[in-house]
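Those protein sequence lines, which keep their order, are chains L and R. The opening residue of the first sequence carries number 1 in our numbering; numbering runs sequentially from there. The opening residue of the second sequence carries number 1001 in our numbering; numbering runs sequentially from there. These notes concern the structure reproduced below.
2 protein chains.
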Amino acid sequence: MFTIAVDVMGGDLGPRVAFRACATVLQNHPDLRLILPLETSLHIDAQKALSRFSDRVLIKPCQSHIDMADKPARALRQGLSSSMGVAIQAHASGDAQGVLSVGNTGALMILSKRLLGTLGGIDRPALATQIPTRKQPLLMMDLGANLEMSPKQLAQLGLLAISWYRARGIMKPSIALLNIGKESNKGPEDIREAGKLLHRAAPECYAGFAEGDDVFNGDLHALICNGFAGNIALKTTEGLADWLTTMMADELSNSKSLRWLIPLWRHTIKRIEKRISPARHGGAMLLGVCGHVAKTHGKSDEKTIKYALEYLVKQTKTADQARLQSEFDRLQRGLNSPE
Amino acid sequence: MFTIAVDVMGGDLGPRVAFRACATVLQNHPDLRLILPLETSLHIDAQKALSRFSDRVLIKPCQSHIDMADKPARALRQGLSSSMGVAIQAHASGDAQGVLSVGNTGALMILSKRLLGTLGGIDRPALATQIPTRKQPLLMMDLGANLEMSPKQLAQLGLLAISWYRARGIMKPSIALLNIGKESNKGPEDIREAGKLLHRAAPECYAGFAEGDDVFNGDLHALICNGFAGNIALKTTEGLADWLTTMMADELSNSKSLRWLIPLWRHTIKRIEKRISPARHGGAMLLGVCGHVAKTHGKSDEKTIKYALEYLVKQTKTADQARLQSEFDRLQRGLNSPE
């Protein structure tokens, strides 16, 4: 058996949509158990929604939950008795092999750092997600946890990405820094400096700078940037993908000769959405903490939570966390060694 | 009559593709004249390619051209006798009402500043483009000229965008700052500070922060960001748009029941590409200089140059440059006045 702790209390749409997502994922994975920290008022609802899986769902009482609007300070004060705190503690104690939260990102960051600890050398964990591309998925990080980063922090993020892939058996992932030009003299000073550090610490994996239009090529395994750039890039593409799929549907409805194709076309649009959807609906991972922590955004609906939970199950099953730590430690020494 | 100076010498594909683009645009605009600064070796080619419009094309001799790889210092040394320098001088002297260059962006920036001057209060011009959205086009700036900007420089860019719209008769454009959250406490310090300045100087136009997924909504007239963020956002969406249109074509060819639709579908794809293409193929404007200066990227093909030239013709005809300057001066005083 295999256990994930799910904190469903902080989402905008309420925990009930999450119960339905949990039921689907439990159905798909007969070896999966879930720990659900819930305030008492929700226990009966949860039991009803998950009654078919009662032997694989453990409801844990908690006293509060952290709202999206709550300041991180509140997370520290009320954290341990909140649904999020109880979920992370279940992972820290070994009862669960991973945590998914639909809640406040800042609070998740603080509580994960405190209860799970971070990899040596990482000050603040980063948010990462794998986005689909023309070929292999691309691990993009940071997506908003660290708005500004020093060259060394950017380089550490690169080494973390390499370690993440090595923990999954991919020994020579190709990683790049997001920049506004490919030549080594392009872009801001801190990115150029980070490039030098990565070239020194991991020359076999570092592929130099990549530009925005390289994101979907599929030639890279990971793309490293500060949280501001990553958030902007990801959200802008989400906006465009939404618009383009609407536009295609409109094109068909407005055309007399094509309108009758809509039923056929709907099927194709569904398949395209499915191909690009893990990026748009799936969650983000908190990398740099000692554990498997993932989050979905506050507006997550049933589909989003289901994707994120499926993804976390897969990641947790296929990755060797001890390997990630040892690979990262080894690469870090290369970063810190004198030239 | 109405004249544009076109510098076609610096592009990667050579000047001949530009001659064809010029011919199409001359055909579409019977009141348009072009000034083409060209090295002597190209005069005969140009005369042949544009023979139908010989009464509306003035070929001006120049002694050199600035390559894409040239350092800006070279632009200053050889600038005035280069094709780019001759084109900008034609605008500065009033012989042309606008300039389009297929050449080096850094050199265009330096020579435009020197020969045309900048609006009072603007240190460095910005690159801007209008991208299509669900509703009205969105003026996005900066796109790469200024990688980092102070709060005051960001705010000036916002005022420049407002002035740009007012010079076109739109008195209350809605402008926003690109950020990673909508709340006023989100994002980096410099953006929050710029927000305060814009709120003070232009409360009737400033709409607060916008996120990446708002870019294509069409609710805004202008979106302001530093050149790093703007470049990343624009190029990432270009990459996704390319991939999505390929993916749709692939979906059809791979489906037995849909394959026969490809001829019909090709028509729809073309129309979608046309709707989104001004952003992908059109040029960028250099805003903040005293004049109408536009550029296309070095890899520009015939279609790209044609779009950019058409766009410049339209912008130059519809905008009142004196009005832009006076609006900007007035707004700037609001920015500089004590609180």
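Cβ coordinates follow ideal geometry from the N, Cα and C atoms, glycine included. All of these numbers come straight from a predicted model, not from anything done at the bench.
For residue i, the three-state DSSP class (helix, strand or coil)
i       : result
R/R1330 : helix
L/V17   : helix
L/F2    : strand
L/S101  : strand
R/F1209 : strand
R/Q1321 : helix
L/K113  : helix
R/S1253 : helix
R/V1086 : helix
R/A1233 : helix
R/K1172 : coil
R/A1145 : coil
R/L1177 : strand
L/A241  : helix
R/L1220 : coil
L/V313  : helix
R/K1182 : coil
R/K1152 : helix
L/I122  : coil
R/A1167 : coil
L/K60   : strand
Span separating the alpha-carbon of residue i from that of residue j
i       : j       : result
L/T236  : R/T1236 : 8 Å
L/T318  : L/G117  : 21 Å
L/L252  : R/V1215 : 24 Å
L/G120  : L/E204  : 23 Å
R/A1128 : L/I66   : 42 Å
R/Q1097 : R/C1290 : 11 Å
R/A1308 : R/Q1027 : 15 Å
L/S54   : R/Y1206 : 53 Å
L/T133  : R/P1015 : 35 Å
L/G227  : L/G187  : 16 Å
R/A1229 : R/R1333 : 27 Å
R/M1009 : R/V1102 : 7 Å
R/L1312 : R/R1166 : 17 Å
R/K1256 : R/L1244 : 20 Å
L/W164  : L/R275  : 23 Å
L/I419  : L/L76   : In this structure chain L extends from 1 to 339, so residue 419 of chain L is not present and cannot be described.
L/L198  : L/R168  : 21 Å
L/I170  : L/L147  : 29 Å
L/K182  : L/S93   : 45 Å
R/L1032 : L/L157  : 54 Å
L/H43   : L/I59   : 7 Å
L/K135  : R/T1105 : 33 Å
L/H292  : L/D7    : 14 Å
L/T296  : R/A1284 : 37 Å
L/R323  : R/N1185 : 39 Å
R/L1038 : R/P1072 : 20 Å
L/S51   : L/C22   : 12 Å
R/S1337 : R/I1122 : 17 Å
R/K1314 : R/M1001 : 14 Å
L/I272  : L/E189  : 39 Å
Contact belief for residue i with residue j at Cβ below 8 Å, rounded distance in angstroms
i       : j       : result
R/M1084 : R/A1069 : Actually they are not in contact, since the Cβ atoms of R/M1084 and R/A1069 sit about 14 Å apart, beyond 8 Å.
R/C1225 : R/D1142 : 7 Å
L/N231  : R/G1212 : 7 Å
L/L234  : R/A1241 : With a Cβ gap of about 15 Å, L/L234 and R/A1241 do not count as contacting.
R/V1017 : R/D1301 : 6 Å
Cβ pair residue i, residue j closer than 8 Å
i       : j       : result
L/A46   : L/R20   : no
L/A155  : L/A194  : yes
L/L139  : L/A222  : yes
R/L1331 : R/I1162 : yes
L/G298  : L/G11   : yes
L/K306  : L/V86   : no
R/I1262 : R/M1248 : no
L/I4    : L/L115  : no
R/L1178 : R/G1288 : no
L/S82   : L/S64   : yes
L/S112  : L/L286  : yes
L/I180  : R/G1144 : yes
The ligand GTP heavy atom lying under 7 Å from the CB of residue i
i       : result
R/G1014 : Within the structure as shown, the ligand GTP is missing, as the structure has no ligands at all.
is_contact[residue i, chain B] using C-beta, thresh 8 Å
i      : result
L/G298 : Protein chains in the displayed structure are L and R, and chain B is not among them.
Ignoring anything shorter than 3 residues, give me the beta strand (DSSP E) runs that lie fully in the region 1018-1049 of chain R, in order along the chain. Within the region 1018-1049 of chain R, the complete beta strand (DSSP E) runs of at least 3 residues are 1032-1038.
Go through the region 258-297 of chain L residue by residue and report every complete run of the beta strand (DSSP E) that reaches 3 residues or more, in order. With a minimum length of 3 residues, the continuous beta strand (DSSP E) runs that stay inside the region 258-297 of chain L are 284-287 and 293-295.
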